[in-house]
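Single-structure report; data block below.
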Ligand code: ZN
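Numbering (our numbering), first residue to last: 950 to 1230.
The structure is reproduced here in structure tokens:
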């Protein structure tokens, strides 16, 4: 299933995308896409619903982030060896983890707001893992049993805040709108191999990133298991698994986003996003 949350900001309703690409409303079946609703067992029940019986959502509608109630937005740093090289870093001996504030989460096509004082707002397309069931001390072999599905993530990053201001990375990753999530939460039964997905990103139509999750250093199952040794992963938590090469800070000279720039990004099977950058007020 491709699950969505649609409607105005703060008033999103649950839905799914049918085989024709139309959104169908799920409000009669679930309150939202998140929490206990996305437990793998509950998702199996949802998938038994005849989609033709669900109300069709007519016309254009805004999409919200594809999962509600995210308590933790955990990001993995330098998880593609060729991206590590472009930033002048070496591949870490264990996953680098950092947090993105959940207040950064927005819909896939909402505006990308360049924060006050920013000169280095940069892009990163990433595979997102959405946790469906509490995971604590799980092994790598059982790790994916705790996953609801996958989604496209834009890990927007302010490089000055991230690397030139004192301390670690969180403040360069957490600005409002720096976490577009979706368009869809694609249940894991529709993703044959999370380590074989093409992911891409363009700025004003020019390709910047074109990679594959096959070159990730630490794969999805490993990351879920690894993180669960340190903290309980809860339904709705998101793990953003790192970005392939082609970010602005790796270019010579570096290149960053300006108001009016249009960023498009996507992952095969998981859908695409489109944001227009604008200055904060
Ligand atoms: Zn990232």
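Every residue gets a Cβ at the ideal spot worked out from N, C-alpha and C, and that includes glycine.
What would DSSP say about residue i, mapped onto helix, strand or coil?
i, result
"residue 1117", "coil"
"residue 986", "helix"
"residue 1158", "strand"
"residue 1137", "helix"
"residue 1032", "helix"
"residue 1233", "Because the chain is modelled from 950 through 1230, residue 1233 falls outside the range shown and cannot be assessed."
"residue 1166", "coil"
"residue 1016", "coil"
"residue 1108", "helix"
"residue 1200", "coil"
"residue 1175", "helix"
"residue 951", "strand"
"residue 1130", "strand"
"residue 1005", "strand"
"residue 995", "helix"
"residue 1039", "coil"
"residue 1010", "coil"
"residue 1090", "coil"
What does residue i pair with, by DSSP beta-bridge criteria?
i, result
"residue 1224", "1212"
"residue 1149", "1159 and 1215"
"residue 1192", "Paired residue(s): none; residue 1192 is not in a bridge."
"residue 1187", "1022 and 1079"
"residue 1096", "1080"
"residue 1103", "1074"
"residue 974", "964"
"residue 1048", "1023"
"residue 1055", "1129"
"residue 1061", "1226"
"residue 1182", "1084"
By how many angstroms is the C-alpha of residue j removed from the C-alpha of residue i?
i, j, result
"residue 1098", "residue 1153", "30 Å"
"residue 1167", "residue 1191", "9 Å"
"residue 1079", "residue 1202", "35 Å"
"residue 1157", "residue 1028", "18 Å"
"residue 1062", "residue 1227", "5 Å"
"residue 973", "residue 984", "20 Å"
"residue 1120", "residue 1054", "14 Å"
"residue 1049", "residue 1075", "13 Å"
"residue 1187", "residue 1006", "27 Å"
"residue 966", "residue 954", "10 Å"
"residue 1179", "residue 1173", "10 Å"
"residue 1230", "residue 995", "42 Å"
"residue 1211", "residue 1223", "7 Å"
"residue 1175", "residue 1032", "21 Å"
"residue 1155", "residue 1197", "12 Å"
"residue 1026", "residue 991", "32 Å"
"residue 969", "residue 1143", "24 Å"
"residue 1083", "residue 1117", "28 Å"
"residue 1087", "residue 1020", "19 Å"
"residue 1012", "residue 1056", "6 Å"
"residue 1151", "residue 982", "29 Å"
"residue 976", "residue 1008", "18 Å"
How many whole angstroms separate the CB atoms of residue i and residue j, which I take to be in contact at a CB cut-off of 8 Å?
i, j, result
"residue 1214", "residue 1070", "No, residue 1214 and residue 1070 are not in contact; Cβ-Cβ is about 14 Å, not under 8 Å."
"residue 1101", "residue 1219", "5 Å"
"residue 1130", "residue 1024", "The Cβ separation is near 12 Å, so there is no contact."
"residue 1072", "residue 1103", "7 Å"
"residue 1189", "residue 1077", "5 Å"
"residue 1109", "residue 1068", "6 Å"
"residue 989", "residue 1094", "7 Å"
"residue 1147", "residue 1217", "5 Å"
"residue 1039", "residue 956", "Rounded, the Cβ-Cβ distance is 45 Å, inconsistent with contact."
"residue 987", "residue 1081", "5 Å"
"residue 1017", "residue 1185", "7 Å"
"residue 1199", "residue 1000", "That pair is no contact at about 43 Å."
"residue 1171", "residue 1089", "5 Å"
"residue 1163", "residue 1145", "5 Å"
Please tell me whether, using a cut-off of 7 Å, the distance from the CB of residue i to the nearest non-hydrogen atom of the ligand MN is below it.
i, result
"residue 1189", "Although the ligand MN was asked about, the structure shown includes only the ligand ZN as ligands."
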